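Written below as structure tokens is the structure these notes are about.
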Amino acid sequence: MTSKARTLGGFTLLELMVVVAVMAILASVAITSYSRYAFRARRADGQELLMRVANAQERYYATFNKYGADPVTGDLKLKSATSEKGYYTVTISSSDITKSYTATATPVAGGAQAKDKCGALSIDSTGTKLPALTDAAKNANGRCW
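If you count the sequence shown from 1, position 23 lands on 397 in the working numbering, and the numbers rise without skipping.
Take a look at the structure:
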């Protein structure tokens, strides 16, 4: 065989390993970016749950002149204390249910949203949403609200 036929033969093992290494680096960057995006997208599930609770609380207050204490079985009669897609559960707390409440959506333990930097989301009877925009550590992966 001539040397010309030998040079047209294909890839060397070194070239193949370089391509595999580059692909591994690109994949690791893509997976990290995707997981951050997925946290932000699933956060909407908790926000929606809290807005449903807040709306139900205002309807309940307009009727009974106090806020509801139980989101499911008692006062507010929501279908479930878990968000529609199952990433968050809601609890309602208050020192005086006739004057105020705080609804908190907590990521389900061990669930896909458990490692989100925002952590638990909350809204109170005045409409204050936490974590606040000024909390830079919580809002590191996009705005929590």
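Glycine is no exception: its CB is placed at the ideal position from the N, C-alpha and C atoms.
Please read these numbers as outputs of a predicted model, since none were measured by experiment.
Tell me whether residue 398 sits in a helix, a strand or coil according to DSSP, three-state version.
helix
Report yes or no: do the segment 418-429 and the segment 441-457 share at least 3 C-beta pairs separated by less than 8 Å?
yes
State the DSSP-derived secondary structure class of residue 419, mapped to helix, strand or coil.
helix
Consult DSSP for residue 495 and reduce its assignment to one of helix, strand or coil.
strand
Do residue 490 and residue 385 have their C-beta atoms within less than 8 Å of each other?
no
Whose C-beta lies closer than 7 Å to the C-beta of residue 440 among residues of the same chain, with five residues either side of it excluded?
471, 472
Between residue 503 and the rest of its own chain, which residues show a CB-CB distance below 6 Å, the 5 nearest in sequence each way excluded?
497, 519
Rounded to a whole number of angstroms, what is the C-alpha to C-alpha distance between residue 501 and residue 485?
27 Å
Inter-residue CB distance, residue 475 and residue 499 (contact presumed, cutoff 8 Å):
5 Å
Using a threshold of 8 Å, state whether the C-beta atoms of residue 515 and residue 410 are closer than that.
yes
Of the listed residues 416, 403, 402, nearest to residue 493 (C-alpha basis):
416
What would DSSP say about residue 506, mapped onto helix, strand or coil?
coil
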